[in-house]
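K.L.:
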Amino acid sequence: MKLVTAIIQPHRLDDVKSALEAAGVKGMTVSEASGYGRQKGHTEVYRGAEYTVDLVPKVRVEVLVDDPDASAVTEAIVSASQTGKIGDGKVWTVPVDAVTRVRTGETGAEAL
Amino acid sequence: MKLVTAIIQPHRLDDVKSALEAAGVKGMTVSEASGYGRQKGHTEVYRGAEYTVDLVPKVRVEVLVDDPDASAVTEAIVSASQTGKIGDGKVWTVPVDAVTRVRTGETGAEAL
Amino acid sequence: MKLVTAIIQPHRLDDVKSALEAAGVKGMTVSEASGYGRQKGHTEVYRGAEYTVDLVPKVRVEVLVDDPDASAVTEAIVSASQTGKIGDGKVWTVPVDAVTRVRTGETGAEAL
Ligand SMILES: Nc1ncnc2c1ncn2[C@@H]1O[C@H](COP(=O)(O)OP(=O)(O)OP(=O)(O)O)[C@@H](O)[C@H]1O
Ligand SMILES: Nc1ncnc2c1ncn2[C@@H]1O[C@H](COP(=O)(O)OP(=O)(O)OP(=O)(O)O)[C@@H](O)[C@H]1O
Ligand SMILES: Nc1ncnc2c1ncn2[C@@H]1O[C@H](COP(=O)(O)OP(=O)(O)OP(=O)(O)O)[C@@H](O)[C@H]1O
Ligand SMILES: [Mg+2]
Ligand SMILES: [Mg+2]
Ligand SMILES: [Mg+2]
Numbered sequence: 066m067k068l069v070t071a072i073i074q075p076h077r078l079d080d081v082k083s084a085l086e087a088a089g090v091k092g093m094t095v096s097e098a099s100g101y102g103r104q105k106g107h108t109e110v111y112r113g114a115e116y117t118v119d120l121v122p123k124v125r126v127e128v129l130v131d132d133p134d135a136s137a138v139t140e141a142i143v144s145a146s147q148t149g150k151i152g153d154g155k156v157w158t159v160p161v162d163a164v165t166r167v168r169t170g171e172t173g174a175e176a177l
Numbered sequence: 066m067k068l069v070t071a072i073i074q075p076h077r078l079d080d081v082k083s084a085l086e087a088a089g090v091k092g093m094t095v096s097e098a099s100g101y102g103r104q105k106g107h108t109e110v111y112r113g114a115e116y117t118v119d120l121v122p123k124v125r126v127e128v129l130v131d132d133p134d135a136s137a138v139t140e141a142i143v144s145a146s147q148t149g150k151i152g153d154g155k156v157w158t159v160p161v162d163a164v165t166r167v168r169t170g171e172t173g174a175e176a177l
Numbered sequence: 066m067k068l069v070t071a072i073i074q075p076h077r078l079d080d081v082k083s084a085l086e087a088a089g090v091k092g093m094t095v096s097e098a099s100g101y102g103r104q105k106g107h108t109e110v111y112r113g114a115e116y117t118v119d120l121v122p123k124v125r126v127e128v129l130v131d132d133p134d135a136s137a138v139t140e141a142i143v144s145a146s147q148t149g150k151i152g153d154g155k156v157w158t159v160p161v162d163a164v165t166r167v168r169t170g171e172t173g174a175e176a177l
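Residue numbers (the working numbering), protein chains in the order written: chain A, 66 to 177; chain B, 66 to 177; chain C, 66 to 177.
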């Protein structure tokens, strides 16, 4: 299994959620973050105002997937979050050794 | 080393903390998140009210452990967070290459 | 690629940011967390007051780096966040399979 993590622009979250559902993912986790990339945040626009501090608000999206689904899920997130402007975000994948569904105790791909 | 991450129901955090202390873990990190699983959040109950939006509030718990402790720590979290209702949560394990304790500069299992 | 994650004291964030820029990192992600280490949080001081609850406020810093940079980035974070007091923090590294820059679709080290 893999964990696909994306840092996206907050206003793209609804589209990313829809894209993930269309891609058939079984669940997702969302949390707040802030950050900067190559431009150190200095030239990013947030809610219509140019952002002068360097940590720009972002949203983190995490999706546990079966190995063969990692690249399709990454592509779904990229398509849905891409505006073509700097600060659009970053998506990465990390290997996962084990997953358990708490309610049932199921493990492995069954637990996704 | 391994990083065990759990997304649990917020009202189970105290029990999970106690279970982790009983299991002998050396520390933990807690943060806020929200998410949904197989039911897309539609049928989950939060604070007594059925939740109509699809991102249900959850708590993230992370524990760095030595390799042989990962499954016992997972089991401790699962037992302590399980209510038998949908939305109980998910626990996963990721490999960790290196850990450092900031105060002392110690690394590896000594740093946990 | 690697993901270096640090849990640091909130008042060290500015110094850590400067140290990371000096170390040449291309970006970072910051989020709120709380936690405890070996002392279970009982003897930590936060904003001048001894902290009586066990989950002490912390900041999470995450940096995606190329493999050869992981240890230098870890050292930069450790130096910048170290005060010598308990609760100074923890830094760990996790392997990353793939990274994509959302705006351009670039992948791998080019995407950092
Ligand atoms: N190297 C990195 N490590 C950790 N997080 C990063 C890194 N680079 C970017 N991020 C996170 O992703 C968010 C979006 O980054 P961003 O899209 O600006 O990347 P970029 O490489 O600068 O691309 P662009 O040139 O399109 O702006 C940042 O706010 C930050 O939270
Ligand atoms: N595939 C997934 N990827 C990332 N996070 C997930 C995934 N599935 C669930 N989660 C996270 O775990 C939380 C709890 O999930 P949940 O317990 O509803 O899983 P489930 O598989 O639907 O199990 P159940 O049938 O018992 O509800 C979600 O709110 C979400 O934050
Ligand atoms: N084993 C662990 N798993 C997950 N997070 C941890 C762990 N240990 C510490 N942390 C996180 O790092 C933060 C700082 O930990 P801390 O610096 O107190 O570690 P420590 O090992 O107790 O070192 P010290 O003796 O210097 O206090 C904690 O508040 C927690 O968020
Ligand atoms: Mg950028
Ligand atoms: Mg569910
Ligand atoms: Mg401590």
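Heads up, the beta-carbon is just placed ideally off N, CA and C, and yes, glycines get one too.
Owing to the predicted nature of the structure, the values given are computational and were not obtained by experimental measurement.
Is Ile73/B near Gly149/B, with beta carbons less than 8 Å apart?
P.N.:
no
K.L.:
If I follow the unbroken beta strand (DSSP E) through Lys123/C, where does it start and stop?
P.N.:
Val121 to Val130
K.L.:
Provide the residue span of the alpha helix (DSSP H) that contains Glu140/A, from first to last.
P.N.:
Ala135 to Ser146
K.L.:
With DSSP collapsed to three states, give me the class of Gly102/C.
P.N.:
Reduced to three states, the DSSP call for Gly102/C is coil.
K.L.:
What does Asp153/C reach in chain B if we use C-beta pairs closer than 9 Å?
P.N.:
Arg166, Val167, Arg168 and Thr169
K.L.:
In three-state terms, what does DSSP make of Val161/C?
P.N.:
Of the three classes helix, strand and coil, the one that applies to Val161/C here is coil, per DSSP.
K.L.:
Below 8 Å, can you find three or more Cβ-Cβ pairs linking the stretch 127-134 of chain C to the stretch 78-97 of chain C?
P.N.:
yes
K.L.:
Report the partner residues of Ile73/B according to the DSSP bridge assignment.
P.N.:
Ile73/B pairs with Val124/B and Gly154/B.
K.L.:
Measuring only the C-alpha atoms, how far is Thr169/C from Glu175/A?
P.N.:
34 Å
K.L.:
Which residues does DSSP pair with Glu97/B in a beta bridge?
P.N.:
Val124/B
K.L.:
Does the distance from the CB of Val167/C to the CB of Thr139/C come in under 8 Å?
P.N.:
no
K.L.:
Does any heavy atom of ligand 3 sit closer than 7 Å to the C-beta of Glu127/B?
P.N.:
yes
K.L.:
Are the beta-carbon atoms belonging to Ile142/C and Ala98/C less than 8 Å from one another?
P.N.:
Going by C-beta atoms, Ile142/C is not nearer than 8 Å to Ala98/C.
K.L.:
Under 7 Å Cβ to Cβ from Ala163/C, same chain only, skipping five residues before and after it: list those, please.
P.N.:
Thr172
K.L.:
Taking the alpha helix (DSSP H) that Ala87/B falls in, what are its first and last residues?
P.N.:
Leu78 to Ala87
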